[in-house]
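Student: Take a look at this one; I'll ask things after.
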Amino acid sequence: APVPPPDLTKCTVTSVGPESVQCCPPFNGQNKITDFKLPSSREQVRIRPAAHLVNKSYIQKYERAIQLMKSLPDDDPRSFKQQANIHCAYCNGAYIQTGFPDARFEVHSSWLFFPFHRFYLHFFERILGKLIGDPTFALPYWNWDNPPGMSIPSFFMNPNSPLHDPIRNPDHQESVLLDMDWSDEVDSSSPEEQYKTNLSLMHTQMVTGASKASLFFGSALKAGDNVTQMSSQGTIEATPHGIVHVWMGDWTNQPNGENMGTLYSAARDPIFYSHHANVDRMWNLWKTVGPNRKDISDPDWLESAFVFYDEDKNLVRCKIKDCIDSRKQLKYDYQQVPIPWQKTTT
Ligand code: C2O
92 APVPPPDLTK CTVTSVGPES VQCCPPFNGQ NKITDFKLPS SREQVRIRPA
142 AHLVNKSYIQ KYERAIQLMK SLPDDDPRSF KQQANIHCAY CNGAYIQTGF
192 PDARFEVHSS WLFFPFHRFY LHFFERILGK LIGDPTFALP YWNWDNPPGM
242 SIPSFFMNPN SPLHDPIRNP DHQESVLLDM DWSDEVDSSS PEEQYKTNLS
292 LMHTQMVTGA SKASLFFGSA LKAGDNVTQM SSQGTIEATP HGIVHVWMGD
342 WTNQPNGENM GTLYSAARDP IFYSHHANVD RMWNLWKTVG PNRKDISDPD
392 WLESAFVFYD EDKNLVRCKI KDCIDSRKQL KYDYQQVPIP WQKTTT
């Protein structure tokens, strides 16, 4: 059976090591939950731009939107704090699946990964657009699969910007190239070597290693299931998605690699949403890079559901079947850029 949405009345404080963290959304027990309705087919398609290609006025607009979101009161479900907490609630065991008291929600390491994060960004983006009165606003994506985009987009590094997060790995700052096979040791490759390593990894994760849906999406997770040792991540979820998280986290001064390096705090760093926009873009691209790359047709996947607050603070129940085509169903797509890993052979 499909995974039912979380039971919001049973959201609990969760623990991270010795600390407890409260990441449940504001909920008074009677907020009505309605079924998600697709945006109107007449709505203009939002085009998410590559972060390294945006101009100054786009950056200012994005900063203003995040600033407004950060200024909302903490108990507003659209506030930056509550938006960041969504990730914690869905990943750190705060929620149970409705009707399954022993099944703790965890949206990683299974086929829930891509659709959960897609809906999450969809609402985050629409809240920002609403706050600045721009219904065409689209999040920038961190184009880490393309050499010109392989370091942290510079506007996330300005310490005076609301897009900056002081809790990041101090060694991985502006202009340091992302290392997709990073594992703690000093980054010593030349830029050319690093591009090559990253592109060949991308080729493996998207093309040769993801020849069918189960490899790309990860293992099945059904009603009542918990993620276990046996659960497997999809190729992109593991690398580069996971690597980018740990590469961004501060392992020197923070207990758990906060912010980006650990689930409960990852979404407190504004770069999270651009990182995930590119992860989400990979879902669209995967379907175009070879034969047999089709979305899962199992109704247990298609009917699995999550709950989010939308841009009007309404609670909506979202089923995976409503998010499999970003352009047709959710009315957004990605700016096209070169895809240098597509043909790479090492
Ligand atoms: Cu929910 Cu990048 O992880």
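Quick note on the UniProt record's numbering: the sequence shown kicks off at 92 and runs consecutively. All residues carry an ideal CB built from backbone N, CA and C; glycine is no exception.
1. When we look at the beta-carbon of S356 and count the other beta-carbons within 10 Å, is it buried (16 or more) or exposed?
2. Tell me the DSSP bridge mates of S242?
3. In this structure, does DSSP put E284 in helix, strand or coil?
4. Apply the 10 Å Cβ neighbour rule to I362 and answer buried if 16 or more other Cβ atoms are within range, or exposed otherwise.
5. Considering only C-alpha positions, which residue in the set P257, P93, V337 is nearest to A194?
6. Short check: CB of D236 to CB of N350, under 7 Å?
7. Report yes or no: do the stretch 213 to 226 and the stretch 319 to 328 share at least 3 C-beta pairs separated by less than 8 Å?
8. Identify, in the order they occur along the chain, each residue of the same chain with its Cβ nearer than 7 Å to the Cβ of K221, setting aside the five sequence neighbours on each side.
9. Output yes or no for whether 7 Å exceeds the beta carbon distance between I411 and S395.
10. When you compare the CB positions of M293 and W432, do they come within less than 7 Å of one another, or not?
11. Here's the rule: buried if 16 or more other CB atoms are within 10 angstroms of the residue's CB, otherwise exposed. What is K422?
12. Tell whether a beta-carbon distance below 7 Å holds between I430 and D386.
13. What residue from V398, S417, Y153 has the CA that sits closest to F196's CA?
14. If you draw a straight line from the C-alpha of D98 to the C-alpha of S280, how long is it?
15. Find the nearest neighbour of F127 within the set V407, A301, F205, D424, judged by alpha-carbon distance.
16. Which residues have a Cβ closer than 7 Å to any heavy atom of the ligand FMN, listed in chain order?
17. Measuring alpha carbon to alpha carbon, tell me which of T288, T343, H208 ends up nearest T364.
18. To which residues does DSSP link Y400 through a beta bridge?
19. Report the three-state DSSP secondary structure of I157 (helix, strand or coil).
20. Roughly how many angstroms separate the alpha carbons of D167 and M373, rounded to a whole number?
21. Here's the rule: buried if 16 or more other CB atoms are within 10 angstroms of the residue's CB, otherwise exposed. What is T343?
22. Using the Cβ count rule (16 or more neighbours within 10 Å means buried), how would you classify T353?
23. Buried or exposed for I124, please, with buried defined as at least 16 other CB atoms from any protein chain shown within 10 angstroms of its CB.
24. Assign Q173 to one of three DSSP states: helix, strand, or coil.
25. What does DSSP give as the partner residues of S111 in its beta bridges?
26. Per DSSP, what kind of secondary structure is A142 in: helix, strand or coil?
27. Consult DSSP for G220 and reduce its assignment to one of helix, strand or coil.
28. Are I223 and A304 touching if we call contact CB-CB under 7 Å?
29. Would you call the stretch 107 to 124 in contact with the stretch 175 to 183, where contact means no fewer than 3 C-beta pairs closer than 8 Å?
30. Assuming Q420 contacts L129 (C-beta within less than 8 Å), just tell me the rounded distance between them.
31. Residue ranges of each alpha helix (DSSP H) run of no fewer than 4 residues wholly in the stretch 307 to 366, ordered along the chain?
32. Can you pull the DSSP bridge partners for Y232?
33. Leaving out five residues on either side along the sequence, give the residues of the same chain with a beta carbon under 6 Å from the beta carbon of F118.
Tutor: On the basis of the data shown:
1. The residue given as residue 356 occupies position 265 in the sequence shown. So S356 counts as buried.
2. Residue mapping note: residue 242 aligns to position 151 of the sequence shown, counting from 1. S242 pairs with L268.
3. For the purposes of this step, residue 284 is identified with residue 193 of the sequence shown, where counting begins at 1. Helix, per DSSP.
4. Here the question's residue 362 lines up with position 271 in the sequence shown. It is buried - the Cβ of I362 has at least 16 other Cβ atoms within 10 Å.
5. Stepping through the sequence shown from its first residue, residue 194 is reached at position 103. With distances taken between Cα atoms, A194 lies closest to P93.
6. As a first step, residue 236 must be located in the sequence shown, where it is residue number 145. As a first step, residue 350 must be located in the sequence shown, where it is residue number 259. In this structure, N350 does not lie closer than 7 Å to D236 by Cβ.
7. Counting C-beta pairs with one atom in each stretch, the stretch 213 to 226 and the stretch 319 to 328 have fewer than three that are closer than 8 Å, which means they do not touch.
8. Here residue 221 refers to the residue found at position 130 of the sequence shown. Same-chain partners within the cutoff: E402.
9. Position 320 of the sequence shown, counting from 1, holds the residue named residue 411. Position 304 of the sequence shown, counting from 1, holds the residue named residue 395. Cβ distance < 7 Å, so I411 and S395 count as in contact.
10. Position 202 of the sequence shown, counted from the first residue, corresponds to residue 293. Position 341 of the sequence shown, counted from the first residue, corresponds to residue 432. In this structure, the beta-carbon distance from M293 to W432 falls below 7 Å.
11. For this step, residue 422 is matched to residue 331 along the sequence shown. Buried, by the Cβ-count rule.
12. Walking along the sequence shown from the start, residue 430 turns up at place 339. Walking along the sequence shown from the start, residue 386 turns up at place 295. Result no, Cβ atoms of I430 and D386 do not sit closer than 7 Å.
13. The sequence position of residue 196 within the sequence shown is 105, counting from 1. It is V398 whose Cα lies nearest to the Cα of F196.
14. Walking along the sequence shown from the start, residue 98 turns up at place 7. Walking along the sequence shown from the start, residue 280 turns up at place 189. CA-CA distance, D98 to S280, rounds to 48 Å.
15. On the sequence shown, residue 127 is found 36 positions in, with the first residue counted as 1. If we check each option's Cα against that of F127, V407 comes out closest.
16. The ligand FMN is absent from the structure shown, which contains only the ligand C2O.
17. As a working mapping, residue 364 is identified with position 273 in the sequence shown. Thr is not the amino acid found at residue 364; the sequence shown has Tyr there. Measuring from the Cα of Y364, the nearest candidate turns out to be H208.
18. Within the sequence shown, numbered from 1, the residue matching residue 400 stands at position 309. According to DSSP, which records beta bridges pairwise, Y400 is partnered with L406.
19. For this step, residue 157 is matched to residue 66 along the sequence shown. If DSSP states are grouped into helix, strand and coil, I157 belongs with the helices.
20. Taking the first residue of the sequence shown as position 1, residue 167 is located at position 76. Taking the first residue of the sequence shown as position 1, residue 373 is located at position 282. Their backbone Cα atoms lie some 32 Å apart in a straight line.
21. Counting from one through the sequence shown, the residue named residue 343 turns up at place 252. With fewer than 16 Cβ atoms within 10 Å of its Cβ, T343 is classed as exposed.
22. As a first step, residue 353 is located in the sequence shown; it is residue number 262 there, counting from the start. T353 counts as buried, since no fewer than 16 other beta carbons sit within 10 angstroms of its beta carbon.
23. Taking the sequence shown and counting its residues from 1, one reaches residue 124 at position 33. By the neighbour-count rule (16 or more Cβ atoms within 10 Å), I124 is not buried but exposed.
24. On the sequence shown, position 82 is the one that residue 173 refers to. Here DSSP, grouped into helix, strand and coil, assigns Q173 to helix.
25. Along the sequence shown, read from residue 1 onward, the residue named residue 111 stands at position 20. DSSP lists S106 as partners of S111.
26. If you number the sequence shown from 1, residue 142 lands on position 51. Three-state result, A142: helix.
27. In the sequence shown, counting from the first residue as 1, residue 220 sits at position 129. Residue state, collapsed to three classes: helix.
28. Translated into positions along the sequence shown, residue 223 becomes position 132. Translated into positions along the sequence shown, residue 304 becomes position 213. No, the Cβ-Cβ distance between I223 and A304 is not below 7 Å.
29. Output reads yes: the stretch 175 to 183 touches the stretch 107 to 124.
30. Within the sequence shown, residue 420 is the residue found at index 329, counting from 1. Within the sequence shown, residue 129 is the residue found at index 38, counting from 1. Right, the Cβ-Cβ distance comes to about 5 Å (below 8 Å), so this counts as a contact.
31. List check, alpha helix (DSSP H) in window: 334 to 339.
32. Reading the sequence shown from its first residue, position 141 is the one you call residue 232. DSSP output for Y232 lists A141 as bridge partner(s).
33. Counting from one through the sequence shown, the residue named residue 118 turns up at place 27. The answer, listed in chain order, is L99.
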